[in-house]
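Accompanying notes for the structure given below.
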Amino acid sequence: MSIIRVRFAPSPTGYLHIGGARTALFNYLFARKNNGKFILRIEDTDFERSKREYEDVIIRDLKWLNIEWDEGPDIGGDYGPYRQSERLEIYKDYADKLIKEGKAYYCYCTEEELEIQRQLQLKEKKPPIYDRRCLNLTTKKKQEYELQGRKPSVRFLVPYKQLEFQDLIHGRLSIDTKLVSDPIILKSNGVPTYNFGVVIDDHLMEITHVIRGDEHLDNTYRQLLIYEALSWNPPFYGHIPMILAPDRSKLSKRHGATSVEELRKLGFINKAVVNYIALLGWSPKDNTEIMPINEIIEKFDLSGVLDHPAVYDIEKMKYFNHYYIANILQNTEILQALKELEKLNELEYNLQDNLKLRVIELEKNRIYLLTDFFELFDIIQYDPIFSDDILNELNNFDKNIFEIVINSLNEFDNYDDIEKIKSYLKDVAKKNNLKPGSIYKLIRLLLTGKHEGPELPKIIYFLGKKETIKRINKIKEIV
RNA sequence: GGCCCUGUCGUCUAGUGGACUAGGACACCGGCCCUUCAAGCCGGAGACACGGGUUCGAAUCCCGUCAGGGUCACCA
Numbered sequence: 195m196s197i198i199r200v201r202f203a204p205s206p207t208g209y210l211h212i213g214g215a216r217t218a219l220f221n222y223l224f225a226r227k228n229n230g231k232f233i234l235r236i237e238d239t240d241f242e243r244s245k246r247e248y249e250d251v252i253i254r255d256l257k258w259l260n261i262e263w264d265e266g267p268d269i270g271g272d273y274g275p276y277r278q279s280e281r282l283e284i285y286k287d288y289a290d291k292l293i294k295e296g297k298a299y300y301c302y303c304t305e306e307e308l309e310i311q312r313q314l315q316l317k318e319k320k321p322p323i324y325d326r327r328c329l330n331l332t333t334k335k336k337q338e339y340e341l342q343g344r345k346p347s348v349r350f351l352v353p354y355k356q357l358e359f360q361d362l363i364h365g366r367l368s369i370d371t372k373l374v375s376d377p378i379i380l381k382s383n384g385v386p387t388y389n390f391g392v393v394i395d396d397h398l399m400e401i402t403h404v405i406r407g408d409e410h411l412d413n414t415y416r417q418l419l420i421y422e423a424l425s426w427n428p429p430f431y432g433h434i435p436m437i438l439a440p441d442r443s444k445l446s447k448r449h450g451a452t453s454v455e456e457l458r459k460l461g462f463i464n465k466a467v468v469n470y471i472a473l474l475g476w477s478p479k480d481n482t483e484i485m486p487i488n489e490i491i492e493k494f495d496l497s498g499v500l501d502h503p504a505v506y507d508i509e510k511m512k513y514f515n516h517y518y519i520a521n522i523l524q525n526t527e528i529l530q531a532l533k534e535l536e537k538l539n540e541l542e543y544n545l546q547d548n549l550k551l552r553v554i555e556l557e558k559n560r561i562y563l564l565t566d567f568f569e570l571f572d573i574i575q576y577d578p579i580f581s582d583d584i585l586n587e588l589n590n591f592d593k594n595i596f597e598i599v600i601n602s603l604n605e606f607d608n609y610d611d612i613e614k615i616k617s618y619l620k621d622v623a624k625k626n627n628l629k630p631g632s633i634y635k636l637i638r639l640l641l642t643g644k645h646e647g648p649e650l651p652k653i654i655y656f657l658g659k660k661e662t663i664k665r666i667n668k669i670k671e672i673v
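What the first sequence shows, in this note's numbering, is residues 195 to 673, in sequence order.
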């Protein structure tokens, strides 16, 4: 039994999004679970749209998710190169071989001609299938085209038959290949198209299992046919269901945060994201949800992957994030993530690690996104900003309560003990026959300019006596 | 339009002919706690798309209908 080899083969035409990340993750899980190899291959044969910077972003984001590959463009391997743009001469030989054997043919049709043809067929409500007008071109006609300056593309000649294969997720699938149009395998500029490139590379890289999105289901038949023409054994295929937007349409930018980069900027934790997307279309036998990656690997089973699409629900992912922050991550891990996040969002808090760590410890139970920590950071680092409404509210407060609050805070000394702050404030209220809520509200407003936020004793604790008094005196002058 | 795939609470799912009064999680609603917003704890509401079969028995098997998605590029 040869070793299992899988791959993730993105084209660098955009950011790594949730769907791609999940496909990569399932390949990674399958490889790790079966002690196989996971390969990253860049499919950059579309020179118009491919950009090196996208490749960099994809690699960076996969790394952020801790999805690691054994071979790839950045680290090399025995089956390289791992960028299709660096393998161009390989494909041409195989295309020539197919032509020589009569399994492929030159096509001199221009893109415009093909487009007209397609529209015509569509208009007649017929499937847009290439009519093979270039299949039996005479030498004379070919020369004529060449003289016109036309450069031919190479089309694969689809043999008509009933074709079926066993999909790892959907089971037995079949189609009548009469419905499959002869695909172009080499563009007129000599660059392979997707359907040809994957076949050649998957074979040469000895890929054993192709795990990819459902949108490739129909491509599989074309690819299977090419394997057959080349007398190669095809890999196993597993088509995982797509991830849909809440409105059940294809997930895209307009549906909010769908790229890994955006999620990171919002304050998601990599482990939480991985855990969540692993559960999109798959669940372990025992229905556990929160699992560290090694447990996911251990429990992962491709046959347990569902065959119907899943809707992406960022709210549930937020809960996972909350759970990881509150219960799983070490404070130092959170601190590290916070630092990266500050850099990413171009924020700078001049707070010592020690202080940040204390904020983390005291706040992590109520935090959903890492960015939520910044709320308390802001309070500590910056003076409050008062809106007119808040100023108004402060003016309407009983001046006596003002005095009581200021005096009490001045007399108090145990600012380094949250419990003592808490009980002290309670006592102050009691002694003066006030509802605790009223003085809490006032102090909160004075210190932060807001109605909501972290627990008040915590705020006072982090501000300390000096800063607390300073802020109160400052606002007192205005009101 | 052809072809292909799919259909369990709003969402992710458990379920593989009897253990289903259909279980869990997020979200939602209510309560407790309480100095705000939360978090936490407790409770509640909420689904087998529809119609036919097969069977003693169907969420589970078959057929049809409807609905959703994918795909039909010199994009991947």
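Even glycine gets a Cβ: it sits at the ideal position worked out from N, Cα and C.
Residue burial annotation: Asp480 is exposed, with fewer than 16 other C-beta atoms found within 10 angstroms of its C-beta. Here Ile363 is near His433, since their CB atoms are less than 7 angstroms apart. The shortest CA-to-CA distance from Arg458 to any of Ser205, Lys537, Ile233 is the one to Lys537. Sorting Asp607, Pro478, Glu483 by C-alpha distance to the C-alpha of Gly498 places Pro478 at the top. Closest by C-alpha distance to Tyr470, out of Pro275, Ile198, Ile212, is Ile212. Around the beta carbon of Tyr288, 16 or more other beta carbons lie within 10 angstroms, which makes this residue buried. If you keep only unbroken alpha helix (DSSP H) runs of at least 4 residues inside the segment 292-323, you get 305-317. Around the beta carbon of Gly391, a 10 Å sphere encloses 16 or more other beta carbons of the protein chains shown; the residue is thus reported as buried. The count of Cβ pairs closer than 8 angstroms, one atom from the segment 438-445 and one from the segment 461-476, stays below three, leaving the stretches out of contact. Contact between Leu219 and Val468 holds, with the beta-carbon distance rounding to 6 angstroms and staying under 8 angstroms. Scanning its chain for C-beta atoms nearer than 8 angstroms, with the 5 sequence neighbours on each side dropped, one finds around Gly647 the residues Glu569, Leu570, Ile573, Arg638, Ile653, in chain order.
In the DSSP assignment, Arg243 falls outside any beta strand (DSSP E), carrying neither H nor E. With a threshold of 16 other beta carbon atoms within 10 Å, His502 falls short and is exposed.
Going by beta carbons, Ile394 and Pro429 fall outside the 7 angstroms limit.
Under the DSSP assignment, His397 falls in the alpha helix (DSSP H) whose first and last residues are 388-398. Bounds of the beta strand (DSSP E) holding Ser368 are 365-370. Less than 7 angstroms divides the Cβ of Tyr518 from the Cβ of Ala466.
Take Ile491, set aside five residues on each side of it, and the residues of its chain with a beta-carbon closer than 6 angstroms to its own are Leu223, Arg226, Lys227, in chain order. Note on the segment 495-527: whole alpha helix (DSSP H) runs with a minimum of 4 residues are 508-517, in chain order. Per the Cβ contact rule, the segment 239-256 is not in contact with the segment 353-372 (fewer than 3 Cβ pairs under 8 angstroms).
The segment 263-291 contains no complete alpha helix (DSSP H) run of 4 or more residues.
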